[in-house]
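Q:
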Amino acid sequence: MMKAKEIKEIRGLSVEDLDKKLNDLKKDLFMLRMQHATNQLDNPLQIAAVKKDIARIKTIIREKETNI
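Going by our numbering, 25 is the number at position 25 of the sequence shown; the sequence numbering is gapless.
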């Protein structure tokens, strides 16, 4: 889960960097889902946290695209 300080730092990144971060988060989500399916995930709430982080990144990307 991102904190307010991290969100401010992310807003300063370029769209290309945000895309890279988004891809990393999607890979993390995939791995968490695989762990959950095989009962290896200790805290299933991590999945929801990563989903929210992905939504935050997508929102910031969209804001940057519409401001151009």
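Beta carbons are placed, not taken as given, at the ideal position from N, Cα and C, and that holds for glycine.
These numbers were taken from a predicted model, which means no experiment stands behind them.
Could you tell me whether the stretch 11-26 touches the stretch 36-45, where touching means 3 or more Cβ pairs closer than 8 Å?
A: No: the two stretches stay apart, fewer than three of their Cβ pairs being nearer than 8 Å.
Q: Measuring CA to CA, which of Lys64, Lys8, Thr38, Lys51 is closest to asparagine 23?
A: The sequence position of residue 23 within the sequence shown is 23, counting from 1. Taking only the C-alpha atoms, the option nearest asparagine 23 is Lys51.
Q: So for lysine 8, helix, strand or coil by DSSP?
A: Mapped onto the sequence shown, residue 8 falls at position 8. Three-state result, lysine 8: helix.
Q: Any idea if isoleucine 57 is buried or exposed, counting beta-carbon neighbours within 10 angstroms, 16 or more meaning buried?
A: Indexing the sequence shown from 1 puts residue 57 at position 57. Buried, by the Cβ-count rule.
Q: Measure the beta-carbon distance from alanine 37 to methionine 1 and round it to whole angstroms, keeping in mind my assumption that it falls under 8 Å.
A: Residue 37 sits at position 37 when you count from the first residue of the sequence shown. Residue 1 sits at position 1 when you count from the first residue of the sequence shown. No, alanine 37 and methionine 1 are not in contact; Cβ-Cβ is about 22 Å, not under 8 Å.
Q: For isoleucine 60, which residues in the same chain have their Cβ closer than 7 Å to its Cβ, ignoring the five residues on either side in sequence?
A: Locating residue 60 in the sequence shown gives position 60, counting from the first residue. Cβ within range, chain order: Ile10, Arg11, Leu18.
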